[in-house]
Amino acid sequence: MEIKDAILLLHPILAVIVVFPLIGIIVNRAFLVRQRRLETVGTGKSKVPPVVGKEHVQIGRWLTNSVVGIVLIAFGNVIFSNIIDKQVWSKSPFQVIFIGILFVATITSLYLLYQAKSPTWRGIFATLSGIGLVVLGCQDGVFRQTDKWYISHYYYGELSTLIMIFSVAILPDIYKDKTNRWRRVHIILNCLALLLFIGQGITGSQALLEISLAWQKPYIKMLYKQKCRTQICTVQAPSLSPLPKLE
2 MEIKDAILLL
12 HPILAVIVVF
22 PLIGIIVNRA
32 FLVRQRRLET
42 VGTGKSKVPP
52 VVGKEHVQIG
62 RWLTNSVVGI
72 VLIAFGNVIF
82 SNIIDKQVWS
92 KSPFQVIFIG
102 ILFVATITSL
112 YLLYQAKSPT
122 WRGIFATLSG
132 IGLVVLGCQD
142 GVFRQTDKWY
152 ISHYYYGELS
162 TLIMIFSVAI
172 LPDIYKDKTN
182 RWRRVHIILN
192 CLALLLFIGQ
202 GITGSQALLE
212 ISLAWQKPYI
222 KMLYKQKCRT
232 QICTVQAPSL
242 SPLPKLE
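Letter by letter, the sequence shown follows residues 2 to 248 in this note's numbering.
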(Lines of atoms letter the chains of each structure in order from A and count residues from 1; the text may use other names and numbers.)
(Lines give C-alpha, C1' and ligand atoms only; values in the text may rest on other atoms or scores of the structure.)
Protein backbone atom coordinates (compact mmCIF):
# COMPACT_ATOMS: atom_id res chain seq x y z
CA MET A 1 0.00 0.00 0.00
CA GLU A 2 1.38 3.39 -1.02
CA ILE A 3 1.21 6.62 0.98
CA LYS A 4 -1.67 7.95 -1.14
CA ASP A 5 -3.68 4.82 -0.35
CA ALA A 6 -3.04 5.26 3.38
CA ILE A 7 -4.14 8.91 3.16
CA LEU A 8 -7.27 7.79 1.34
CA LEU A 9 -8.13 5.61 4.35
CA LEU A 10 -8.09 8.68 6.64
CA HIS A 11 -11.57 9.58 5.42
CA PRO A 12 -13.35 6.35 6.46
CA ILE A 13 -11.21 6.04 9.61
CA LEU A 14 -12.22 9.50 10.86
CA ALA A 15 -15.83 8.84 9.87
CA VAL A 16 -15.95 5.68 12.00
CA ILE A 17 -13.96 7.03 14.96
CA VAL A 18 -15.27 10.61 15.11
CA VAL A 19 -18.34 11.36 12.98
CA PHE A 20 -20.62 8.39 13.63
CA PRO A 21 -20.14 8.41 17.43
CA LEU A 22 -20.99 12.13 17.40
CA ILE A 23 -24.13 11.36 15.39
CA GLY A 24 -25.23 8.86 18.05
CA ILE A 25 -24.61 11.36 20.86
CA ILE A 26 -26.37 14.24 19.11
CA VAL A 27 -29.43 12.11 18.30
CA ASN A 28 -29.63 11.13 21.97
CA ARG A 29 -29.39 14.79 23.05
CA ALA A 30 -32.02 15.75 20.49
CA PHE A 31 -34.52 13.29 22.00
CA LEU A 32 -33.71 14.54 25.50
CA VAL A 33 -34.17 18.17 24.46
CA ARG A 34 -37.55 17.35 22.93
CA GLN A 35 -38.56 15.32 26.00
CA ARG A 36 -37.63 18.20 28.30
CA ARG A 37 -39.57 20.70 26.18
CA LEU A 38 -42.71 18.56 26.13
CA GLU A 39 -42.55 17.83 29.87
CA THR A 40 -41.98 21.51 30.67
CA VAL A 41 -44.96 22.55 28.57
CA GLY A 42 -47.18 19.84 30.08
CA THR A 43 -46.25 19.94 33.78
CA GLY A 44 -43.99 22.98 34.14
CA LYS A 45 -40.96 20.87 35.12
CA SER A 46 -38.84 18.05 33.79
CA LYS A 47 -36.42 15.45 35.11
CA VAL A 48 -34.17 16.09 32.11
CA PRO A 49 -31.47 18.61 33.12
CA PRO A 50 -31.41 21.89 31.18
CA VAL A 51 -27.77 21.33 30.22
CA VAL A 52 -28.83 18.90 27.45
CA GLY A 53 -29.80 21.84 25.24
CA LYS A 54 -26.35 23.36 25.48
CA GLU A 55 -24.74 19.97 24.88
CA HIS A 56 -26.92 19.42 21.82
CA VAL A 57 -25.76 22.71 20.30
CA GLN A 58 -22.09 22.16 21.15
CA ILE A 59 -21.96 18.60 19.81
CA GLY A 60 -23.86 19.74 16.71
CA ARG A 61 -21.07 22.23 15.98
CA TRP A 62 -18.45 19.54 16.56
CA LEU A 63 -20.31 17.31 14.12
CA THR A 64 -20.45 20.04 11.48
CA ASN A 65 -16.73 20.75 11.82
CA SER A 66 -15.92 17.03 11.68
CA VAL A 67 -18.07 16.42 8.60
CA VAL A 68 -16.63 19.40 6.73
CA GLY A 69 -13.13 18.37 7.83
CA ILE A 70 -13.27 14.79 6.54
CA VAL A 71 -14.89 15.95 3.29
CA LEU A 72 -12.03 18.40 2.73
CA ILE A 73 -9.50 15.66 3.56
CA ALA A 74 -11.10 13.35 0.99
CA PHE A 75 -11.24 16.10 -1.64
CA GLY A 76 -7.70 17.26 -0.92
CA ASN A 77 -6.29 13.76 -1.25
CA VAL A 78 -7.86 12.90 -4.60
CA ILE A 79 -7.60 16.40 -6.13
CA PHE A 80 -3.91 16.92 -5.35
CA SER A 81 -3.10 13.31 -6.27
CA ASN A 82 -4.70 14.00 -9.65
CA ILE A 83 -2.69 17.24 -9.95
CA ILE A 84 0.57 15.38 -9.27
CA ASP A 85 -0.22 12.38 -11.50
CA LYS A 86 -1.30 14.51 -14.49
CA GLN A 87 1.23 17.31 -13.84
CA VAL A 88 -1.51 19.92 -13.82
CA TRP A 89 0.83 22.45 -12.20
CA SER A 90 2.99 22.67 -15.33
CA LYS A 91 -0.01 22.77 -17.67
CA SER A 92 -2.37 25.06 -15.72
CA PRO A 93 -0.73 26.66 -12.66
CA PHE A 94 -3.61 29.12 -12.21
CA GLN A 95 -6.02 26.22 -11.71
CA VAL A 96 -3.84 24.74 -8.96
CA ILE A 97 -3.55 28.13 -7.23
CA PHE A 98 -7.30 28.60 -7.50
CA ILE A 99 -7.95 25.19 -5.91
CA GLY A 100 -5.59 26.01 -3.04
CA ILE A 101 -7.31 29.37 -2.47
CA LEU A 102 -10.68 27.61 -2.58
CA PHE A 103 -9.67 25.25 0.24
CA VAL A 104 -8.53 28.18 2.39
CA ALA A 105 -11.65 30.23 1.55
CA THR A 106 -13.99 27.36 2.47
CA ILE A 107 -12.36 26.84 5.86
CA THR A 108 -12.28 30.59 6.52
CA SER A 109 -15.95 30.99 5.58
CA LEU A 110 -16.94 28.23 7.99
CA TYR A 111 -14.94 29.87 10.78
CA LEU A 112 -16.54 33.27 10.07
CA LEU A 113 -19.97 31.61 10.05
CA TYR A 114 -19.52 30.80 13.75
CA GLN A 115 -18.43 34.38 14.47
CA ALA A 116 -21.23 36.10 12.54
CA LYS A 117 -24.12 37.55 14.56
CA SER A 118 -26.56 38.95 12.01
CA PRO A 119 -28.70 36.61 9.85
CA THR A 120 -27.40 38.29 6.68
CA TRP A 121 -23.73 37.54 7.41
CA ARG A 122 -24.55 34.03 8.58
CA GLY A 123 -26.34 33.45 5.29
CA ILE A 124 -23.40 34.87 3.31
CA PHE A 125 -20.74 32.77 5.03
CA ALA A 126 -22.89 29.63 4.95
CA THR A 127 -23.43 30.15 1.21
CA LEU A 128 -19.70 30.72 0.60
CA SER A 129 -18.83 27.56 2.56
CA GLY A 130 -21.36 25.55 0.57
CA ILE A 131 -20.18 26.94 -2.77
CA GLY A 132 -16.59 26.09 -1.86
CA LEU A 133 -17.48 22.47 -1.12
CA VAL A 134 -19.56 22.12 -4.29
CA VAL A 135 -16.86 23.62 -6.54
CA LEU A 136 -14.16 21.47 -4.94
CA GLY A 137 -16.34 18.42 -5.46
CA CYS A 138 -16.52 19.20 -9.18
CA GLN A 139 -12.73 19.00 -9.65
CA ASP A 140 -11.06 16.21 -11.58
CA GLY A 141 -10.16 13.15 -9.55
CA VAL A 142 -13.21 13.17 -7.26
CA PHE A 143 -15.11 9.85 -7.37
CA ARG A 144 -18.68 11.05 -8.01
CA GLN A 145 -20.64 8.26 -9.77
CA THR A 146 -22.93 10.80 -11.42
CA ASP A 147 -24.57 8.09 -13.51
CA LYS A 148 -25.61 6.43 -10.23
CA TRP A 149 -26.28 9.58 -8.18
CA TYR A 150 -29.02 7.87 -6.18
CA ILE A 151 -26.46 5.52 -4.58
CA SER A 152 -23.45 7.85 -4.80
CA HIS A 153 -21.38 8.34 -1.66
CA TYR A 154 -20.27 11.71 -3.03
CA TYR A 155 -23.77 13.14 -3.47
CA TYR A 156 -24.96 11.80 -0.12
CA GLY A 157 -21.93 13.40 1.53
CA GLU A 158 -22.28 16.76 -0.22
CA LEU A 159 -25.98 17.06 0.63
CA SER A 160 -25.55 16.05 4.29
CA THR A 161 -22.62 18.48 4.67
CA LEU A 162 -24.65 21.36 3.21
CA ILE A 163 -27.47 20.54 5.63
CA MET A 164 -25.02 20.66 8.55
CA ILE A 165 -23.76 24.08 7.45
CA PHE A 166 -27.31 25.39 7.01
CA SER A 167 -28.25 24.11 10.47
CA VAL A 168 -25.39 26.11 12.01
CA ALA A 169 -26.53 29.21 10.10
CA ILE A 170 -30.13 29.08 11.39
CA LEU A 171 -29.25 28.04 14.96
CA PRO A 172 -29.66 31.50 16.60
CA ASP A 173 -32.98 32.00 14.79
CA ILE A 174 -34.39 28.81 16.34
CA TYR A 175 -34.28 30.32 19.83
CA LYS A 176 -35.67 33.70 18.69
CA ASP A 177 -38.57 32.38 16.61
CA LYS A 178 -41.73 32.17 18.71
CA THR A 179 -43.66 30.41 15.93
CA ASN A 180 -41.25 27.43 16.02
CA ARG A 181 -40.99 27.62 12.23
CA TRP A 182 -37.18 27.42 12.20
CA ARG A 183 -37.28 24.65 14.81
CA ARG A 184 -39.48 22.55 12.53
CA VAL A 185 -37.17 23.25 9.58
CA HIS A 186 -34.21 22.21 11.75
CA ILE A 187 -35.90 18.93 12.75
CA ILE A 188 -36.96 18.03 9.20
CA LEU A 189 -33.56 18.78 7.65
CA ASN A 190 -31.61 16.93 10.31
CA CYS A 191 -33.87 13.89 10.06
CA LEU A 192 -33.02 13.92 6.35
CA ALA A 193 -29.34 14.32 7.24
CA LEU A 194 -29.56 11.32 9.58
CA LEU A 195 -30.94 9.18 6.73
CA LEU A 196 -28.15 10.45 4.48
CA PHE A 197 -25.53 9.55 7.09
CA ILE A 198 -26.95 6.03 7.24
CA GLY A 199 -26.78 5.94 3.45
CA GLN A 200 -23.18 7.14 3.60
CA GLY A 201 -22.26 4.20 5.79
CA ILE A 202 -23.63 1.88 3.11
CA THR A 203 -22.35 3.71 0.03
CA GLY A 204 -18.98 4.37 1.67
CA SER A 205 -18.40 0.64 2.07
CA GLN A 206 -19.36 0.16 -1.56
CA ALA A 207 -17.02 2.97 -2.68
CA LEU A 208 -14.06 1.38 -0.90
CA LEU A 209 -14.61 -1.73 -3.03
CA GLU A 210 -14.82 0.26 -6.26
CA ILE A 211 -11.88 2.65 -5.71
CA SER A 212 -8.74 0.81 -6.74
CA LEU A 213 -5.39 1.00 -4.99
CA ALA A 214 -2.57 2.89 -6.67
CA TRP A 215 -0.84 -0.24 -8.01
CA GLN A 216 -4.14 -1.59 -9.39
CA LYS A 217 -5.09 1.48 -11.46
CA PRO A 218 -2.99 0.62 -14.57
CA TYR A 219 -4.62 -2.82 -14.70
CA ILE A 220 -8.12 -1.36 -14.24
CA LYS A 221 -7.52 1.09 -17.09
CA MET A 222 -6.41 -1.80 -19.33
CA LEU A 223 -9.55 -3.75 -18.43
CA TYR A 224 -11.73 -0.84 -19.53
CA LYS A 225 -9.59 -0.18 -22.60
CA GLN A 226 -9.90 -3.78 -23.77
CA LYS A 227 -13.61 -3.84 -22.85
CA CYS A 228 -13.18 -6.85 -20.61
CA ARG A 229 -16.66 -6.33 -19.23
CA THR A 230 -18.22 -7.49 -22.52
CA GLN A 231 -15.58 -9.80 -23.95
CA ILE A 232 -12.89 -12.24 -22.90
CA CYS A 233 -9.49 -10.61 -22.55
CA THR A 234 -6.16 -11.01 -20.79
CA VAL A 235 -4.23 -8.36 -18.89
CA GLN A 236 -0.55 -9.22 -18.72
CA ALA A 237 1.20 -8.55 -15.43
CA PRO A 238 4.58 -6.79 -15.69
CA SER A 239 7.63 -8.97 -15.40
CA LEU A 240 9.30 -8.68 -12.02
CA SER A 241 13.04 -8.39 -11.71
CA PRO A 242 14.59 -11.37 -9.88
CA LEU A 243 15.45 -10.90 -6.24
CA PRO A 244 19.17 -10.55 -5.48
CA LYS A 245 20.86 -13.65 -4.14
CA LEU A 246 21.95 -13.60 -0.54
CA GLU A 247 25.55 -14.62 -0.03
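No residue lacks a Cβ here, since even glycine has one placed at the ideal position from N, Cα and C.
- [ ] Give the single residue among 143, 169, 190 whose Cα lies nearest to the Cα of residue 160.
- [x] 190
TODO: Spell out a yes or no on whether the region 15-26 and the region 54-68 are touching, meaning 3 or more CB-CB pairs, one atom from each, closer than 8 Å.
DONE: yes
Task: For residue 147 and residue 225, the rounded distance between their alpha carbons - done: 18 Å
- [ ] Measure the alpha-carbon distance for residue 6 versus residue 176 and round it to whole angstroms.
- [x] 45 Å
TODO: Tell me where the alpha helix (DSSP H) around residue 52 begins and ends.
DONE: 52-86
Task: Length of the line joining the Cα atoms of residue 144 and residue 80 - done: 10 Å
Task: Per-residue DSSP class, three states only, for residue 46 - done: coil
- [ ] List the endpoints of the continuous alpha helix (DSSP H) containing residue 211.
- [x] 182-211
Task: C-alpha distance - residue 196 paired with residue 16, whole-angstrom precision - done: 15 Å
Open item on the list: Rounded to whole angstroms, what is the Cα-Cα separation between residue 168 and residue 113?
Closed with: 15 Å
TODO: Hey, could you find the ends of the alpha helix (DSSP H) residue 109 is sitting in?
DONE: 94-116
- [ ] Using 10 angstroms around the beta-carbon of residue 1, count the other beta-carbons present and answer buried if the total reaches 16, otherwise exposed.
- [x] In this structure the chain extends from 2 to 248, so residue 1 is not present and cannot be described.
Open item on the list: Can you list, in chain order, the residues of its chain with a C-beta nearer than 6 Å to that of residue 133? Leave out the 5 residues immediately preceding and following it.
Closed with: 103, 106, 107
Open item on the list: Does the contact criterion of 3 or more C-beta pairs under 8 Å hold for the region 24-33 versus the region 49-56?
Closed with: yes
- [ ] Measure the C-alpha to C-alpha separation of residue 3 and residue 179 and round it to an integer number of angstroms.
- [x] 55 Å
- [ ] Could you check the C-alpha separation between residue 220 and residue 174 for me, to the nearest Å?
- [x] 54 Å
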